[in-house]
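In the working numbering, the protein residues as written are 1 to 505. Take a look at the structure below.
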Ligand code: NAD
């Protein structure tokens, strides 16, 4: 079986651990390749390669670096279809959704082309007699990104683009569940003219991550994944004095006011709740209609749409969404559905009843695929686990609220604070909501408010640990350190030794 290797120094690297793990085809429910898993020696080898390459890379002026990134963008676009096909086959998201994954990553590379501007320092002349002060932004050195399975192109590019443009060497440790596209992206970066070792990719689990966290050479960690791991990485980085930004899980609410267009909102909600099988950190998994009449109308509109959703092979053009990533993920989601039933929520659509026994795609049976149908609960209450926990599957919960205040209290008091959306035609209510809600990214009649590349992305509360967000200007702040120079050139004004604190007067 094909082994997906690490990518170090501009070439495939076997590693020394001898350990591999299967990479599955989630639509068929069987292995399609193996991925090499790194041990501590392999990580040390990767770090050494990155440290050498960074010295060369940082010496290129920023414009030369971004010209290579510009070429990289072209190569990714030229290879879009084959990258999206590979991504779809390993992750299980549909082909158009896989292209969206790559496209949202490309947008951050496009933003990173502005590195010469983003890296500009500040200058103040005559801060004292004959004294000028200026600042510069310098790369950190070797930095690493540890990324989740659910966006195997977008999130690696969000991290690598600004880090590389700023002059760092980047070590990517992608998810071992869908590792092929990250390697392909690094190969294309080399093809674009990057020096070997500037972007290395290493696969593995906890052992490899811990070796990166404990390295004295690695200066910063950009993490995206589940909250317990985000918190673990943040704390371990703090203990070793490493810079860290760690983004975690989510439970995103959609608040629907009585004046919303219910039919349009229902269309939007099915896409945002069930698209990508609900495996998006910005998926809407809770809907909160305000008032019983709004709730009843919305419930009817959702119940009418759900049966027509098509679940199938990720490359099947008729599929609205594909399988979950693994059998464990499917079991976990379906276990939550049972918890919802046991807790007394009203199950209006049960994804467990989806029958794929006779389903096939291009002659291959989908009976073993990790599919769960769209699931919809009404009368969910805030203490139920289907409300408190991130399910990360195609499950939508309706929590009814009598007033807007009662509705807003829900996302405000929830452990997670990644995204939230409000559906209304009342501008004043939407504006107040956006100002007051205790969540990082807000949609006003926009279901998945992932900010554009030149703004920043980041959740609040248990959805994000660290001070600086991903992409946008924050990304250059995260991947650089500021140095401030105060200078005076020799002249005739030697005042002799000064023993008190210098002040600028
Ligand atoms: P995960 O936490 O299981 O894995 C993320 C990364 O951490 C992977 O590279 C994995 O190999 C590594 N890892 C896993 N266990 C580890 C351990 N014990 N020690 C060290 N490293 C470990 O997450 P996932 O299942 O790949 O991704 C889904 C999660 O990511 C969801 O919770 C989702 O909400 C979250 N997510 C968040 C955002 C965001 O921006 N907030 C974006 C996408 C996904």
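In this text, a Cβ means the ideal position worked out from N, Cα and C, and glycines have one as well.
Beta-bridge annotation (DSSP): residue 200 is paired with 171.
Annotated three-state conformation of residue 281 is coil, per DSSP. Within the stretch 211-246, the runs of alpha helix (DSSP H) that reach at least 4 residues and sit entirely inside it are, in chain order, 227-239. The alpha-carbon separation between residue 168 and residue 198 amounts to approximately 8 angstroms. Ligand 1 approaches residue 281 closely enough that one of its heavy atoms is under 6 angstroms from the residue's Cβ.
Between residue 154 and the set 405, 425, 224, the nearest pair of CA atoms involves 224. Judged by the Cβ position, residue 149 qualifies as a neighbour of ligand 1 at the 6 angstroms threshold, a heavy atom of the ligand being closer than this. Only exposed fits residue 499, as fewer than 16 other CB atoms lie within 10 angstroms of its CB.
Closer than 6 angstroms to some heavy atom of ligand 1: that describes the Cβ of residue 224. Within 10 angstroms of the beta-carbon of residue 238 lie fewer than 16 other beta-carbons, which makes it exposed.
By the Cβ neighbour-count rule, residue 201 is buried, with 16 or more other Cβ atoms within 10 Å of its own. For a cut-off of 8 angstroms, the C-beta gap from residue 463 to residue 418 is around 4 angstroms, short enough to register as a contact.
Rounded to whole angstroms, the gap between the alpha carbons of residue 396 and residue 390 is 11 angstroms. Counting C-beta atoms within 10 angstroms of its own C-beta, residue 353 has fewer than 16 neighbours from the protein chains shown and is therefore classed as exposed.
Distance from the CA atom of residue 191 to the CA atom of residue 117, rounded to whole angstroms, is 25 angstroms. The beta-carbon separation of residue 336 and residue 386, rounded to 6 angstroms, stays under the 8 angstroms limit for a contact. Nearest in C-alpha terms to residue 288, of all of 147, 329, 403, is 403. If you check the CB distance, residue 72 and residue 108 do not come in under 7 angstroms. Between residue 350 and residue 377, the alpha-carbon positions lie close to 9 angstroms from each other.
For residue 342, the uninterrupted alpha helix (DSSP H) run begins and ends at 327-343, by DSSP. A straight line joining the alpha-carbon of residue 472 with that of residue 161 spans about 11 angstroms.
Note on the stretch 106-156: whole beta strand (DSSP E) runs with a minimum of 3 residues are 123-128, 131-139, 142-146, in chain order.
Counting along the chain, the unbroken beta strand (DSSP E) around residue 30 starts and ends at 30-37. In this chain, the beta strand (DSSP E) harbouring residue 422 covers 419-423.
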